[in-house]
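> Submitted below is the structure of interest, expressed as structure tokens.
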Ligand SMILES: Nc1ncnc2c1ncn2[C@@H]1O[C@H](COP(=O)(O)OP(=O)(O)O)[C@@H](O)[C@H]1O
Ligand SMILES: [Mg+2]
């Protein structure tokens, strides 16, 4: 039974299973990457993201399951024949080659003519904004620059699939955000189908067409960033992506809630008002965490003692610890778990 | 100084250099292969410990006991000499003699190979698996990987190891002395001949000169070694 | 993948055999009183004896030589430690920039072959302090020098693996004086390095022949060279013994040292 829409599916990972000794790294792993799409594998460390990526690249053989590229079964195809570009967390540049040599490597081993190779490499280097650095060696570059070289090296072979394994993890915050946006821009320009691995939910939310949330080798949910954020399929996804308040239903005096359940509510669905306003609960400010444009305020509900967090625009508030306020829980946005 | 590089003395310097070069070359080859083999069989934990442990021991062996071991193996009355002749291979007819060039080469390999293994192990370990994967990912097959990445990356260590082995063999004295019962043509043994303990032979100046030439050869070899080591350490980061 | 592994196993098998065979032959020669000519299936179990070894190790010449070698080894190790431990600590704490110099120091014995070393130093000393060369202990300074790369390297590795500078700063900031810092912070951390260093020095001294023979000192290797003719079997057992002892020393040291490939000390024989 072949897939019906092989045209638009670039890579198909079906029923992958992989274990290392007694550790099950992947079980029943299914994922389709549409062409031109950027899909992120998101999950806590050790959940099998790298394993999935390495199986796609051909560095690991799955115990069972099939890898299809444009409809063709490539499960047994050796890595060097797959034409996928991979970027590693630790850059993995060839230390004895300069930037030009590194970028040109994939073309050389494909037997591309020297002049053509130099031209295409130079263009790729230009595209990752490293023009003029062709003769530098990896140890003369910063982390961000090295990762750009790795990106150029992976793109220059015009891969059918781009695989990025936590490419930004080793970089500092500012470079990380910058390069993240550049990767996204390059990916959109070239239209290369891409798998991006990260354990950082902000990164995943901001860069992806779709996100695949994983846990213990299993897919938890696949969906657009909005779906993942606003309609998490289960508690794990709800808690792992974005911050979340967990409020016992009994705290909220509303008849239609099952009595012993827990309500999950994003901090941005909690607002602060003057005490005694209609529909508000009495609370006291227990602490706050200034985060630039928004501030995370911790509020202790007076009746139950439960603490909830509210994400508020910093400009609009002027609170200090101990202030008596009212809290409105926007329960329409809540997710109730039994 | 000049007399020391003329006639028979020049010959003995050349003999020493040739011997050192050959043992260094063979030692480099086999020692590196062993290092690569150890790393590629890394799953077998105990194997690595045994090989590294024994190499550390063997690299430090030498001198008289080692010479004894080989005399009892491949000397005129050696166990394996006889075993080989029992199956029709006569080492003497093949021109092999334990105190001669071919013999000394084999004996020296006993400490040269493990030394090279120890020198190469960190370098081979440093050939990160991800580099191999990066190469494969970019379309390189195994041969292309070794040609364009593996061997170039190892080359400073290989060359540096070669020079270290060369120096090691060049300085060696006791082993060759014991193998040949004092009659060897090696420079180090010749120097000894000129400087018999306290007695100052008429030619002790020649001994000094030969020693000075030895030091010069060594300085050249060792500065090369140091330079190459620095390159490979930079790459390993 | 599989083919490559097979190849690796083959290489290790061949080299391993090369390592083992000479030792076996030497052991046979030492302990079996049957000439090689007469060896065959019929005689393979005959004539095994430890008599030559007993003769050798009970002879007074052997005992003299062994005693001298052991004393030399102990004194060399002690002197090396006294000189090198403070130096190594000082370099690590205060003189990080001296590392290139240490690199050079650590290969000095390669650059100056023992034979050249002894030619140089004894030539100079003979004129200045004639009695220096006469004493058997005149070997100690030579041995300190030739074991320098190995002894210093081990200490250096030991110190590198513990970020000594931060430890010292932490200890000092907690109010410990220098003496106390060295005694209760550095030395406990340096134990492995010191043990390794001493073992290596031991192994070097026990096997050294070149300098001893040039200065006409009767150490173990000199004994072996001398008695090779009249009691070859006994001498070979001593050789074997020496190999086993050095191997044991280095083996024990190897167990101490966990860092991969860190021990690359080698004797310029
Ligand atoms: N080569 C391996 N040998 C043994 N266990 C492995 C190996 N690779 C991965 N694992 C295990 O498989 C699980 C998933 O690993 P990985 O895919 O690297 O996770 P992630 O990339 O999500 O952090 C982990 O428990 C890890 O320890
Ligand atoms: Mg990972």
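Protein chains in written order, with my numbering: chain A, 1 to 338; chain B, 1 to 237; chain C, 1 to 269.
Ideal Cβ positions, reconstructed from N, Cα and C, are used throughout, including at glycine.
Since the model is a prediction, treat every value here as computed from it, not as a measurement.
#1: Could you tell me if residue 48 of chain C is buried or exposed, where buried requires 16 or more neighbouring beta carbons within 10 angstroms of its beta carbon?
#2: Quick one: what's residue 217 of chain C bridged to in DSSP?
#3: Taking Cβ positions only, does residue 64 of chain A come closer than 7 Å to chain B?
#4: Give me the subset of the segment 6-34 of chain C whose CB atoms are less than 9 Å from a CB atom of chain B, sorted by chain position.
#5: Taking the alpha-carbon positions, what's the residue 72 of chain B to residue 46 of chain C distance?
#6: Compute the distance between the beta-carbons of residue 224 of chain A and residue 239 of chain A, then report whether it is under 7 Å.
#7: Taking only three categories from DSSP, how would you classify residue 47 of chain C?
#8: Less than 7 Å between the beta carbons of residue 113 of chain C and residue 222 of chain B, yes or no?
#9: DSSP three-state call for residue 175 of chain C: helix, strand or coil?
#10: From the DSSP output, in three-state form, read off residue 36 of chain A for me.
#11: Taking a contact to mean a Cβ-Cβ separation below 7 Å, would you say residue 205 of chain C touches residue 87 of chain C in this structure?
#12: Taking only beta carbons into account, state which residues of the segment 134-145 of chain B come closer than 9 Å to chain A, listed in chain order.
#13: For residue 321 of chain A, does the count of other Cβ atoms within 10 angstroms reach 16, so buried, or fall short, so exposed?
#14: At a Cβ threshold of 7 Å, is residue 158 of chain C touching chain B?
#15: Counting only Cβ pairs nearer than 9 Å, list the residues of chain B close to residue 236 of chain C.
#16: Would the beta-carbon of residue 78 of chain A fall within 7 Å of that of residue 16 of chain A?
#17: Please list the terminal residues of the continuous alpha helix (DSSP H) segment that includes residue 165 of chain A.
#18: Under 8 Å, with one C-beta from each stretch per pair, do the segment 49-57 of chain A and the segment 109-128 of chain A reach the 3-pair mark?
#19: Look at the alpha carbon of residue 198 of chain B and the alpha carbon of residue 127 of chain C, and state the distance between them as a whole number of angstroms.
#20: Are the C-beta atoms of residue 109 of chain A and some chain B residue less than 7 Å apart?
#21: Measure the beta-carbon distance from residue 234 of chain A to residue 270 of chain A and round it to whole angstroms, keeping in mind my assumption that it falls under 8 Å.
#22: Alpha carbons only, please: which of B/21, B/41 and B/228 is nearest the one belonging to residue 167 of chain B?
#23: Ligand 2 heavy atoms versus the CB of residue 341 of chain A: any closer than 6 Å?
#24: What would DSSP say about residue 199 of chain B, mapped onto helix, strand or coil?
#25: Do residue 272 of chain A and residue 334 of chain A have their C-beta atoms closer together than 7 Å?
#26: At a CB-CB cut-off below 8 Å, which residues of chain B make contact with residue 86 of chain A?
#27: Would you kindly check if the distance between the Cβ of residue 219 of chain A and the Cβ of residue 140 of chain B is under 7 Å?
#28: What is the DSSP secondary structure of residue 315 of chain A, counted as helix, strand or coil?
#29: What are the boundary residues of the beta strand (DSSP E) that includes residue 20 of chain A?
#30: What three-state label does DSSP hand residue 239 of chain A in the structure shown?
#31: For residue 188 of chain C, go through chain B and note every residue whose CB falls closer than 8 Å to its CB, in chain order.
#32: What residue range does the beta strand (DSSP E) around residue 306 of chain A cover?
#33: Start and end of the beta strand (DSSP E) containing residue 210 of chain A?
#34: Below 7 Å between beta carbons: does that hold for residue 237 of chain A and residue 41 of chain A?
#35: Taking 8 Å as the cut-off, does the segment 204-222 of chain C touch the segment 138-148 of chain C (at least 3 CB pairs, one atom from each stretch)?
#36: Report yes if the CB atom of residue 195 of chain A is closer than 7 Å to the CB atom of residue 39 of chain A, and no otherwise.
With the given structure in hand:
#1: By the beta-carbon neighbour count (other beta carbons within 10 angstroms, threshold 16), residue 48 of chain C is exposed.
#2: Residue 217 of chain C is not bridged to any residue.
#3: It does not: the Cβ of residue 64 of chain A has no partner Cβ on chain B nearer than 7 Å.
#4: Within the segment 6-34 of chain C, those residues whose Cβ lies closer than 9 Å to any Cβ of chain B are, in chain order, 7, 8, 9, 10, 11, 12, 14, 15, 16, 18, 19, 21, 22, 23, 24, 25, 26, 27, 28, 29 and 30.
#5: If you take the alpha carbons of residue 72 of chain B and residue 46 of chain C, they lie about 18 Å apart.
#6: No, they are not a contact pair.
#7: If DSSP states are grouped into helix, strand and coil, residue 47 of chain C belongs with coil.
#8: No, these two residues do not count as a Cβ contact at 7 Å.
#9: Note: residue 175 of chain C maps to coil in three-state DSSP.
#10: It is coil, neither helix nor strand.
#11: No.
#12: Of all residues in the segment 134-145 of chain B, the ones placed with a Cβ closer than 9 Å to any Cβ belonging to chain A are 134, 135, 136, 137, 138, 139, 140, 141, 142, 144 and 145, in chain order.
#13: So residue 321 of chain A ends up on the exposed side.
#14: So no, residue 158 of chain C is outside the interface.
#15: Close partners of residue 236 of chain C in chain B (Cβ separation under 9 Å): 65, 68, 69, 71 and 72.
#16: No; because the gap between Cβ atoms is not below 7 Å, this pair is not in contact.
#17: No alpha helix (DSSP H) holds residue 165 of chain A; the beta strand (DSSP E) holding it covers 161-165.
#18: At 8 Å Cβ cutoff, the stretches do not touch.
#19: Summary for residue 198 of chain B: the model assigns pLDDT 42, below 50, so the residue's position carries little reliability, and this model does not support an answer.
#20: Chain B contact via Cβ: present.
#21: About 22 Å separates the two Cβ atoms, so there is no contact after all.
#22: It is B/21.
#23: Residue 341 of chain A is absent from the model: chain A starts at 1 and stops at 338.
#24: Since pLDDT at residue 199 of chain B reaches only 48, below the 50 mark, its modelled position is unreliable, and the value read off the structure follows with that caveat. Three-state result, residue 199 of chain B: coil.
#25: Contact: no.
#26: Chain-ordered, the chain B residues with CB closer than 8 Å to the CB of residue 86 of chain A read 133, 134 and 137.
#27: For residue 140 of chain B and residue 219 of chain A, no; Cβs fall outside 7 Å.
#28: Note: residue 315 of chain A maps to helix in three-state DSSP.
#29: For residue 20 of chain A, the enclosing beta strand (DSSP E) stretches over residues 9-20.
#30: Judged by DSSP in its simplified three-state form, residue 239 of chain A adopts helix.
#31: Correct list: empty, because the minimum Cβ distance to chain B is about 25 Å.
#32: In this chain, residue 306 of chain A is not harboured by any beta strand (DSSP E), its DSSP state being neither H nor E.
#33: The continuous beta strand (DSSP E) containing residue 210 of chain A extends over residues 210-215.
#34: The answer is no: Cβ separation not under 7 Å.
#35: Segments in contact, yes.
#36: If you check the CB distance, residue 195 of chain A and residue 39 of chain A come in under 7 Å.
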